[in-house]
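Chemist: Right, I'll just put the structure down here and ask away after.
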Ligand code: NAP
Ligand code: FE
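Residue numbers (the numbering used here): 864 to 1232.
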């Protein structure tokens, strides 16, 4: 075995975990920049609980609530400006992956002056401390060293990765996710599942990440029966999804993602398809190509199917088809462009099976052609 595992985030999960663990926040500084999207943090109670915990600690805060889905470079710089203007010394992110990622980049920019055009090429080693409160069960960003921003120069989404942006604390309270719409619940659950599955197919997979991935896959797949047809899952399912998403985040923190993510990014960038849905559209055909090419006896697909509790990839396809509903369709010429773009992503080389541009095109055509 060859293991090198680093996970510096303290994870606490449970009802009211922010207030009951407020002493952790107390050690981060005098004033917090709270980063959120427009509405959900107010509606789901995470903002009120955070402010209550800070006040009980004698700490103050300033709210930056302008993070949009698929956050832009400008948004991260605006949040960083608020840090210096307001004199904040730590950050609390409330929301899905979008506020968490914008907050992570703001935490980097607060300590490092980098002009916008140089952002994606910059090497960072320091950031303000971050606490993360995920309110979707999907990205696992609360335990990853990545932040993903829209990159208008490359016309896709680009990841910034440095251990400096591992959050210090992750507070997981499933009550905040109760109001997620059925569609966002499904899309984010598929995103989390894709992290765990891509992690098992990564050249960086280890015994520890595979154990976490199997746990995540079986927990998330075990929730699928409670999703779809407009159902609103109960708190028990919500908590399992949040836990499954966090464990999948612990996987990709080490393995990174492989081909599904860069392929999905092209659909999100060009057609505004939700991140998790974009992954879901191509997920099953990606696995089928891996199954066909997996000739080294490593039997990764059977291991993934076993964690899913499924007998075949056709069964997996049927489950995803039910959850995703009617799929988007695109002309081959359009998909050729997306395959060429995705083939340039560094994650592609991260897959245990080498996929060429023609393989990516085949996956796109079979999925949404
Ligand atoms: P999101 O873009 O953060 O949020 C999507 C929508 O859900 C927003 O409209 C948001 O509303 C709403 N929402 C959030 N929490 C809610 C709640 N509890 N109840 C009701 N509505 C709620 O979605 P996401 O899927 O979590 O994040 C996607 C982003 O994460 C993408 O940019 C993706 O590339 C990135 N990502 C990052 C990592 C990583 O490791 N860093 C991994 C995978 C994906 P408000 O705007 O009002 O909050
Ligand atoms: Fe993702």
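Even for Gly, the Cβ is constructed at its ideal location relative to N, Cα and C.
Note that this is a predicted model, so its numbers are computed, not measured.
Leaving out five residues on either side along the sequence, give the residues of the same chain with a beta carbon under 7 Å from the beta carbon of residue 906.
Modeler: So the qualifying residues of the chain are 1042.
Chemist: Here's the rule I'm using: 16 or more other beta-carbon atoms within 10 Å means buried, otherwise exposed. How should residue 989 be labelled?
Modeler: Exposed.
Chemist: Are there any heavy atoms of ligand 2 lying less than 8 Å away from the beta-carbon of residue 1050, as far as the coordinates show?
Modeler: No.
Chemist: Sorry if obvious, but does the Cβ on residue 1134 come closer than 8 Å to a heavy atom of ligand 1?
Modeler: False, no ligand heavy atom lies under 8 Å from that Cβ.
Chemist: For the segment 1067 to 1082 against the segment 1023 to 1037, do three or more pairs of beta-carbon atoms, one drawn from each stretch, fall closer than 8 Å, so that the two count as touching?
Modeler: With a cut-off of 8 Å, the segment 1023 to 1037 and the segment 1067 to 1082 do not count as touching, because too few Cβ pairs lie within range.
Chemist: Starting from residue 996, trace the beta strand (DSSP E) in both directions and tell me its first and last residue.
Modeler: It spans 993 to 997 - the beta strand (DSSP E) in which residue 996 sits, taken as one unbroken run.
Chemist: Near residue 909, what residues of its chain come up, given a Cβ to Cβ distance below 6 Å and the 5 sequence neighbours on each side ignored?
Modeler: Contacts found: 957, 996, 998, 1039.
Chemist: Our contact map puts residue 955 next to residue 970 with C-beta atoms below 8 Å; I'd like the distance itself, whole angstroms only.
Modeler: Actually they do not touch by this definition, with Cβ atoms about 11 Å apart.
Chemist: Pairs of beta-carbons, one from the segment 1187 to 1196 and one from the segment 1132 to 1152, closer than 8 Å: are there three or more?
Modeler: Yes, the segment 1187 to 1196 touches the segment 1132 to 1152.
Chemist: Could you have a look at residue 1171 and say whether DSSP puts it in helix, strand or coil?
Modeler: Correct three-state label for residue 1171: helix.
Chemist: In chain order, which continuous runs of the beta strand (DSSP E) of length 3 or greater are located wholly inside the segment 905 to 957?
Modeler: Those beta strand (DSSP E) runs which fall completely within the segment 905 to 957 and span 3+ residues are 923 to 927.
Chemist: If we count Cβ pairs, one from each stretch, closer than 8 Å, do we get three or more for the segment 1196 to 1213 versus the segment 1118 to 1129?
Modeler: Verdict: yes, contact present.
Chemist: Given a threshold of 16 other Cβ atoms within 10 Å of its Cβ, counted over all protein chains shown, does residue 1050 qualify as buried or as exposed?
Modeler: It counts as buried.
Chemist: Go ahead and label residue 959 buried or exposed: buried means 16 or more other beta carbons lie within 10 angstroms of its beta carbon, across all protein chains shown.
Modeler: Label assigned to residue 959: buried.
Chemist: With respect to 8 Å, is the separation between the Cβ of residue 1120 and the closest non-hydrogen atom of ligand 2 below this value?
Modeler: Yes.
Chemist: Using 9 Å as the threshold, is the C-beta distance between residue 1149 and residue 1173 below it?
Modeler: Not in contact: residue 1149 and residue 1173 (Cβ atoms no closer than 9 Å).
Chemist: Under 8 Å from any heavy atom of ligand 2, does the C-beta of residue 1014 make it?
Modeler: False, no ligand heavy atom lies under 8 Å from that Cβ.
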